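Remarks on the structure that follows.
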Amino acid sequence: MAISFLDLTRQNLEIESETSAALARVVKSGMFILGPEVEAFEEEWARFCQVRSAAAVGSGTDALSLALVASGAVRKGARDEVIAPTLTAAYTALAILNAGGVPVFADVDPQTYTLDSKAIEAAITPRTRAIVPVHLYGQMADMASVCDLASRHGLIVVEDAAQAHGAHLNGSSPGKYAHAAVFSFYPTKNLGAYGDGGAVVSDDPELIARIKVLRQGGHGPALAGDTNGLNSRLDELQAAVLRVKLRHLEEWNRRRRKLAAIYHDTLQSAAHLRLPAVRNLEAHVFHLFVVEHPERDRLRAHLDSRGIETMIHYPYLLHQQNLFQQIGESSFPVAEGVAGRIVSLPLYPQLSESEVRIVADAILEFEA
Ligand SMILES: Cc1ncc(COP(=O)(O)O)c(C=O)c1O
Numbered sequence: 007m008a009i010s011f012l013d014l015t016r017q018n019l020e021i022e023s024e025t026s027a028a029l030a031r032v033v034k035s036g037m038f039i040l041g042p043e044v045e046a047f048e049e050e051w052a053r054f055c056q057v058r059s060a061a062a063v064g065s066g067t068d069a070l071s072l073a074l075v076a077s078g079a080v081r082k083g084a085r086d087e088v089i090a091p092t093l094t095a096a097y098t099a100l101a102i103l104n105a106g107g108v109p110v111f112a113d114v115d116p117q118t119y120t121l122d123s124k125a126i127e128a129a130i131t132p133r134t135r136a137i138v139p140v141h142l143y144g145q146m147a148d149m150a151s152v153c154d155l156a157s158r159h160g161l162i163v164v165e166d167a168a169q170a171h172g173a174h175l176n177g178s179s180p181g182k183y184a185h186a187a188v189f190s191f192y193p194t195k196n197l198g199a200y201g202d203g204g205a206v207v208s209d210d211p212e213l214i215a216r217i218k219v220l221r222q223g224g225h226g227p228a229l230a231g232d233t234n235g236l237n238s239r240l241d242e243l244q245a246a247v248l249r250v251k252l253r254h255l256e257e258w259n260r261r262r263r264k265l266a267a268i269y270h271d272t273l274q275s276a277a278h279l280r281l282p283a284v285r286n287l288e289a290h291v292f293h294l295f296v297v298e299h300p301e302r303d304r305l306r307a308h309l310d311s312r313g314i315e316t317m318i319h320y321p322y323l324l325h326q327q328n329l330f331q332q333i334g335e336s337s338f339p340v341a342e343g344v345a346g347r348i349v350s351l352p353l354y355p356q357l358s359e360s361e362v363r364i365v366a367d368a369i370l371e372f373e374a
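The sequence shown begins at 7 in the numbering used here and counts up by one.
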């Protein structure tokens, strides 16, 4: 039986009647960009994240660039440095570059793979303006220590929550701790559109108001002509789909946690496998289920031979990529250590429990 890494058609079928009605409503309205659906989604998303306001934009990458500019973290022509983890999607660093900043990388914590506070501190220079903690694989970073460090050094914090829709740390959602948090609604995310999309959320309505100007080319009374904006708007069709899916998000996240628990229970006995460390259950929404194995490539080949698709998030660390020239002396022993061992197993809400058990059994077979 083939098990694909992610089959979005199952989710689409589950909500087909709701999304068809929503899409038809938009087509009938004749409004396609920044209309009532986007406005309603922004309100609903801000409420879901327990923050005062949200701005919907064209992608998670743009959301991060715009948040860095609108928060004042990255200033035009100043080559402001922004600290980010080396283990993340390249889009995190690309967004810093696009904003006009310089990405400076730091190592991650070996348990949670999120930014390590000591590594952040070592990466701070007089040019550092901001920290971008990434809630990697769906698990929130240690926001208390990141924010403590940031306030001691006068730095801005923008959370990259592209993988953490619905995660909470001590009862607070991304956006509550930092100046702003950004989300991606790329189709594979826990809350995914039928195309690209992103959002910035913040408790600072003025920051969100600046983003609403910047997302439309930077034209507007607040920034009349002296700031380059982007053309990065969420469209009405995507907003209508996201509003439907938002109604299911918590149920789907619960389902992800349940499937993760099955992996945890059934794979306890796999001596060479390292299962994900979970800070606490509400802090992790299992966007990805990433394990470590010393013979990762052989394990992947074995699973592949059983028809089970796996992926690697991410095959390249950012400090090793030509595009992101590393500033200063840094070492990344944790990220470099895990990079050759990590593998992501299939996990999405519509995967059946028996399919999870088939994957787990195939891993146990490999271990034996
Ligand atoms: C951690 C992280 N940051 C940023 C992004 C960029 O989001 P998008 O693909 O919507 O631009 C992604 C998704 O690809 C991501 O996983």
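For each residue, glycine too, the CB sits at the ideal point set by N, CA and C. These figures come from a predicted structure and were not determined experimentally.
Short note on D68: C-beta closer than 8 Å to some heavy atom of ligand 1. Cβ contact annotation for N104 (same chain, cutoff 6 Å, sequence separation greater than five): S71, in chain order. H278 sits exposed, since fewer than 16 C-beta atoms from the chains shown fall within 10 Å of its C-beta. Rounded to whole angstroms, the Cβ separation of R53 and A246 is 17 Å, and the two are not in contact under 8 Å. Q169 sits close to G144, with the two beta carbons spaced by under 9 Å.
For I102, the enclosing alpha helix (DSSP H) begins and ends at A96 to A105. By the Cβ test, the segment 82 to 102 is in contact with the segment 124 to 139, since at least three Cβ pairs between them sit closer than 8 Å. Shortest gap from the CB of Q356 to any heavy atom of ligand 1: 8 Å or more.
Judged by pairs of C-beta atoms under 8 Å, the segment 250 to 268 touches the segment 340 to 358, as three or more such pairs exist. Sixteen is the threshold: since fewer than 16 other Cβ atoms of the shown chains lie within 10 Å of the Cβ of V33, the residue is exposed. For S178, DSSP records a beta bridge to L175. Within 10 angstroms of the beta-carbon of R216 lie 16 or more other beta-carbons, which makes it buried.
In the structure shown, Q117 adopts coil according to DSSP, grouped into three states.
For the segment 271 to 311, the full-length beta strand (DSSP E) segments reaching 3 residues or more read 295 to 298 along the chain. Relative to the Cα of W51, the nearest Cα in the group Q326, N18, H254 and E212 belongs to H254. Following the DSSP letters along the chain, one finds A84 in no beta strand (DSSP E), marked with neither H nor E. The Cβ-Cβ distance between H299 and R347 falls below 9 Å. In this structure, C55 is the residue among C55, Y192, S65 and E256 with its C-alpha nearest to the C-alpha of K182. In the DSSP secondary-structure assignment, M149 is not bridged to any residue. The C-alpha of N18 lies about 43 Å from the C-alpha of L155. Only residues of its own chain outside the window of five on either side were considered, and among them R347 and V349 have a CB closer than 6 Å to the CB of R302, listed in chain order.
Residue nearest to T272 within the set S208, R239, G224 and I369 is I369 (criterion: CA-CA distance).
The Cβ-Cβ distance between L142 and L93 falls below 9 Å. According to the DSSP assignment, G204 belongs to the beta strand (DSSP E) that extends over G204 to S208.
At the C-beta level, T98 and L324 come within 9 Å of one another. The criterion of a C-beta distance shorter than 9 Å is not satisfied by S65 and H185. The beta carbon of S59 lies closer than 6 Å to those of A52, P211 and I214 in the same chain, with the five residues before and after it left out. Non-local C-beta neighbours of H159 in its own chain, meaning closer than 8 Å and more than five positions away in sequence, comprise I130 and T134, ordered along the chain.
Residue side-chain check: V140 places its Cβ nearer than 8 Å to a non-hydrogen atom of ligand 1.
Contact between H171 and E288 is absent: CB atoms are separated by about 13 Å, not below the 8 Å threshold.
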